[in-house]
Every structure is written in C-alpha cells, then in structure tokens.
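Peer 1:
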Amino acid sequence: MDEDIVRHYLDRVPVEIREAVMELDTPFKWAIFIALTTSGDKYFNQLKNEFSANPKTLTDALKALTAGGLIDRKVRQLTDLGDTNKVYYTSTSLGEKLLVNLYEVVLPHTAGERKRVAVKGRRKVVRVQEG
C-alpha cells in the first residue's frame with residue numbers, strides 16, 4: 044500500500060469528519076449517539092440503566108464518541124466536576140448536524156413526501172417526521 048497516496052486522499056477530508064464517522068463502528072455506539080441526539084442530555088446512570096449496559100462497556104463507548112466529537116461530557120457547575128452523579132452527556136453540534144445530514148443524504152425528499160428534521164429543547168432533540 045502506498046502511504047503517500049492514502050495520505051493524499053485522507054487530507055481531502057478534515058480529520059474531525061473522519062474521526063467522527065470512525066467512532067460509529069458498533070450498533071451500541073450508534074444507539075448511544077442516537078439516544079443523546081434525539082432524546083437530549085443524559086447522565087451516565089441513566090444511560091447505564093436504559094441500555095442495561097456494563098459500566099466499563101458504556102464508559103469505553105462514551106469515551107470513543109467524545110473523542111470523535113459527537114458527544115460532550117459536561118457538568119452544570121464547576122464544583123460538580125469530580126462528582127460522577129452530576130456529569131452528563133450531550134450531543135454536540137457536530138453530532139446533531141451529522142445525523143440531520145445523514146437523513147438528508149440517505150432519505151432525500153421525494154415528490155409528495157414531507158420530511159421535517161427538528162432540533163428541539165436546548166437545541167438538543169433531533170426528530171424526523173415523515174408524512
């Protein structure tokens with residue numbers, strides 16, 4: 044394999060885009076990403092309970108999605124930083140735009156079909172309605 048050719052083509056797309064897409068490499072990560080993007084902010088324990096997930100598996104998935112720029116790990120107040128019960132996860136602007144644009148690319152508008160993609164709440168909930 045010619046690494047120069049590989050680099051030539053990779054350099055055509057920003058690393059942020061490539062990393063974001065590469066992190067969506069399992070159904071579990073997709074589900075977490077979709078949950079945070081369509082349902083809004085969630086605490087670790089909420090995600091753990093909702094998915095009946097092993098804490099380590101969930102932590103690994105959240106770290107990967109955060110590294111890819113699709114979600115953020117946040118606290119409401121700086122004093123809450125060390126308290127894992129007060130850390131929540133939220134979809135990023137990149138994550139929201141990615142999901143909305145995937146809908147637009149994969150399911151483009153057709154005659155007679157109305158599709159609306161809504162970002163609701165604290166700019167958080169992405170919902171697609173057809174009909």
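In the numbering used here, the protein residues as written are 44 to 174. The beta-carbon is built from N, C-alpha and C at its ideal position, and this holds for glycine as well.
1. Have a look at Leu141, Met44, Pro151 and flag the residue whose alpha-carbon is nearest the alpha-carbon of Glu59.
2. Would you kindly work out how many angstroms separate the C-alpha atoms of Phe76 and Lys85, rounded to a whole number?
3. Which class does Arg55 belong to by DSSP, given the choice of helix, strand or coil?
4. Are the CB atoms of Ser134 and Leu67 nearer to each other than 8 Å?
5. Taking the beta carbon of Lys72 as the centre, do at least 16 other beta carbons fall within 10 Å, making it buried, or is it exposed?
6. Measure the alpha-carbon distance for Lys99 versus Lys106 and round it to whole angstroms.
7. Based on the DSSP secondary-structure assignment, which residues constitute the bridge partners of Thr133?
8. Could you pull out every residue in the same chain whose Cβ sits closer than 7 Å to the Cβ of Gly138, ignoring the five residues on either side in sequence?
Peer 2: Concretely, from the data shown:
1. Considering only Leu141, Met44, Pro151, the residue with the shortest C-alpha distance to Glu59 is Leu141.
2. If I take the Cα positions, the gap works out to 11 Å.
3. Reduced to three states, the DSSP call for Arg55 is coil.
4. Contact flag unset, no.
5. Lys72 comes out buried.
6. Spanning the two alpha carbons is a distance of roughly 10 Å.
7. Asp115.
8. Closer than 7 Å at the Cβ level, and outside the excluded window around Gly138, lie Phe76, Thr80, Leu113, Ile114.
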